[in-house]
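A quick write-up on the structure given underneath.
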Amino acid sequence: MTTTVHAPLADAVTPEQAATWKRWLRQMLLIRRFEEKAGEAYSLGRIGGFCHLYIGQEAVAVGTISCLRPDDHITCSYREHGQALARGISARAVMAELFGKAAGCSRGKGGSMHLFDASLGFWGGHGIVGGHIPLTTGMAFAIKYRKGDQVAACFFGEAAVNNGAFHEALNMAALWKLPAIYICENNRYGMGTALERASAVYDISERAQSYDMAKEAVDGQDLLAVRDAMGRAVARARAEHLPTLLEVRTYRFMGHSMSDPIHGHYRTREEVEEQRARDPIALWAQRLVADGILTDGEVKVMDAEVVAEVEDSYAFADAAPDPEPDELYTDVYAPRA
Amino acid sequence: MPTLTYRDALNQALREEMARDDRVFLMGEEVGLYQGAYKVSRGLLDEFGPMRVVDTPITELGFAGVGVGAAMTGLRPVIEFMTWNFALLAIDQLVNGAAKLRYMSGGQVAVPIVFRGPGGAALQLAAQHSQAFESYYAHVPGLKVVAPATPADAKGLLKAAIRDDDPVVFIEGEMLYNTKGEVPEGEVVTPIGRADVKRAGGDVTLVCHSKTVGTCLRAAEQLAEQGIQAEVLDLRTIRPLDVAAILASVEKTHRCVVAEEGWPFAGVGAQVVDEIQRAIFDELDAPVLRVTGADVPMPYNRHLEKLAKVDAAKVVAAARKVLYLE
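Protein chains in written order, with the working numbering: chain C, 2 to 338; chain X, 675 to 1000.
Laid out in structure tokens, this is it:
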């Protein structure tokens, strides 16, 4: 795994750089506070269905997506609130979607697992484990077909690498030299099954060797390490049109979904507490403070702003109208010309 | 009008559409260098090059998904399955992906893609290679399902499918590739969703599609020798179903037989019967009968296989029954 020894940030600081660092902190805080609110809304019955929270993995979405251009493509699994926010879908549009409202980013027809914004190249949360990985290969194929220089990034959990779709998609991406980045968010558990109980190979990045594909494993709680690794993968895809398997080792602080336990038969309370000590947001905030980029007080102000933004999204979603009944039958097929 | 095989009519449609629209590409097993397992793609690699005629590994789930992803981002893929039997490995990409993305995204995502290849039984290929899948896919909102019977319809409907903005499941008849028929030259686009009267008659309606169209035409000949005029209605498209054409014919004949290669349970014919009984129950002079493949996995033995398949004699017998002649 890539471990990074960081030089003090202040050595290189410019006002623009400092603003960027603060923006990443704000994005991670937004995801954290948003997810806390979503969990609360779920418990109150305001959000239905399944709801898979991203708490603990914020540095992965922010670290990777901040390396992408607006015209790049993203597909995700069903644990995708964080990526949607990091890509720039508004908290209002995401929260309204979780509430099933017409103002949601999928007009209330997708829900938590199916967030979309085509204008941002955000091609969905997908609910079948691994099923969306070939879509990314297809988007990368389309980029090559058009001789473009975009990249297609795919987020999935470590449990997805045991399914056939992963293998088939990565094989073709390597065979055809496609600009795809397969981001495996290894949060250690596929629902309640630990990696070691599901995969014969514990180092997920090693799987890339099956396809003669570039690989990297990186500490997912370290924002800059994630960014550095993603930056290398993006450069490889854009300049050389080659795919990468990027394993980001992170941890799911919450249960698999809102209806699942945080710890229990499958992992201990002590393990969760130990992992929570490496909170990616706290680690990044501490670095910014230690290096003099931000003060503790400024972090608190930023957090308060983010909480207000989330509260606003909740109020917005709460007040927003449901889709009209006739929406039931729209969007099944293309509108008739 | 030139006479073409069904295979060459499909080839013409692909060639014309690829020449017309550079977003259209063909992908699948053996479609390029090998010229197609059934030679539908003969010559296309030479004409359009390897970026537009793409040989894949044997990876149905994978390349079906590649097609969906490419379609989501603006291309118009034609994905060839060597047979629809193998496409079961890819059904998640069709049902959970292609069919639902427009809806789940609130209308933001279009998936203009054609999945095509041969379906139905050939000869003694046994259980895993002899099955009709129309009803599987027709069950799914978001998919269109087309199954042409003649070279002219094969060409016109494939062109329409490629131009369609929705995912189209295009099921060719494995036993039809060598059949010949007149195909109009030039720009012929046959609308999806319209049935076609292949033979007019006033005594009984034979509803059919794909390979059973030929079966029903043969049955109609035999019935004519007995003084019975059968109308052969080729559905051509299973979804959206041309209900108006079915009702119009049955309102005229008052008797109906539905023939299909697939299994009887929850088959295409079950839907046809339901449409008829709901809309024009009082027009019927007899219960609608169905002639289907036997409700078993296809046996290898040729005598047993023959028993399992739809044939003209079975259609004739059913027609005589709805006419109360037996």
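Positions of the beta carbon are idealized from the N, C-alpha and C atoms, including for glycine.
These numbers come from a predicted model, not from an experiment.
C-alpha of C/V249 to C-alpha of C/R147: approximately 30 Å in a straight line. Counting only residues of its own chain and dropping the five nearest sequence neighbours on each side, X/Q767 has a CB closer than 7 Å to the CB of L735, A738, G739 and V742. Taking a C-beta distance under 9 Å as the contact criterion, X/I753 and X/V819 do not qualify as a contact pair. DSSP places C/A161 outside any beta strand (DSSP E), giving it a letter other than H or E. In the DSSP assignment, C/T21 falls within the unbroken alpha helix (DSSP H) covering P16 to S44. At a cut-off of 9 Å between C-beta atoms, X/Q782 counts as an interface residue with respect to chain C. Closest in alpha carbon position to C/T251, among C/L196, C/A201, C/V302 and C/R233, is C/L196.
Under the DSSP assignment, C/H168 falls in the alpha helix (DSSP H) whose first and last residues are G165 to L176. Collapsing the DSSP output to three states places X/K885 in a helix. Apart from sequence neighbours up to five positions away, the residues of its chain that approach C/V227 with a beta-carbon distance below 7 Å are A60, V61, G64, T65, V219, G221 and V249, ordered along the chain. Taking the Cα of C/T194 as reference, the smallest distance to any Cα among C/L179, C/G158, C/W177 and C/L171 is reached at C/G158.
With a cut-off of 8 Å on Cβ pairs, the stretch 773 to 781 of chain X is not in contact with the stretch 792 to 809 of chain X, counting fewer than three such pairs. Under the Cβ distance rule, C/A161 does not count among the residues neighbouring chain X, no pair being separated by less than 9 Å.
The count of Cβ pairs closer than 8 Å, one atom from the stretch 172 to 191 of chain C and one from the stretch 205 to 214 of chain C, reaches three, so the stretches are in contact. Between C/M303 and C/R33 the beta-carbon gap is near 12 Å, outside 8 Å, which marks them as no contact.
For C/G132, the neighbours in chain X by C-beta distance under 8 Å run, in chain order, G739, D766, Q767, N770 and G771.
The Cβ atoms of C/G125 and C/L116 sit closer than 9 Å to each other.
Its chain contains G256 as the residues whose beta carbon lies nearer than 8 Å to that of C/P262, once the 5 sequence neighbours on both sides are disregarded; these appear in chain order. Residue-level contact check: X/A744 touches chain C, since one or more beta carbons of chain C fall below 9 Å from its beta carbon.
As computed with DSSP, X/L700 is found in a beta bridge with X/V727 and X/V752.
Distance from the CA atom of C/G83 to the CA atom of C/V290, rounded to whole angstroms, is 24 Å. Interface flag for X/Y680 against chain C is unset, since no Cβ pair is found closer than 9 Å. Looking from the CA of X/V946, the closest CA among X/V962, X/Y810, X/A687 and X/D956 belongs to X/V962. Per DSSP, reduced to three states, the secondary structure at C/W285 is helical. Here C/R237 has A215, L243 and T245 as same chain residues with Cβ atoms under 7 Å from its own Cβ, once five neighbours each way along the sequence are excluded. The Cβ atoms of X/A784 and X/D839 lie closer than 9 Å to each other. Proximity to C/Y190 across C/A181, C/E299, C/N163 and C/Q18 peaks at C/N163, based on C-alpha coordinates. C/N187 is bridged by DSSP to C/R250.
Annotation: Cβ neighbours of C/N172 in chain X (cutoff 9 Å, chain order): P731, T733 and G736. In summary, C/T138 is buried, with 16 or more beta-carbon neighbours lying within 10 Å of its beta-carbon over all protein chains present.
The beta-carbon of C/V95 is placed no less than 9 Å from the nearest beta-carbon of chain X. Secondary structure at C/C77: strand, using DSSP grouped into helix, strand and coil. Near chain X, meaning a CB-to-CB distance below 7 Å, no residue of the stretch 301 to 314 of chain C qualifies. By the CB criterion at 9 Å, X/T966 and X/E1000 fall outside the cutoff. At least 9 Å separates the beta-carbon of X/P825 from that of X/V862. Under the rule that a run must span 4 or more residues, the alpha helix (DSSP H) segments found entirely inside the stretch 190 to 234 of chain C read 196 to 199.
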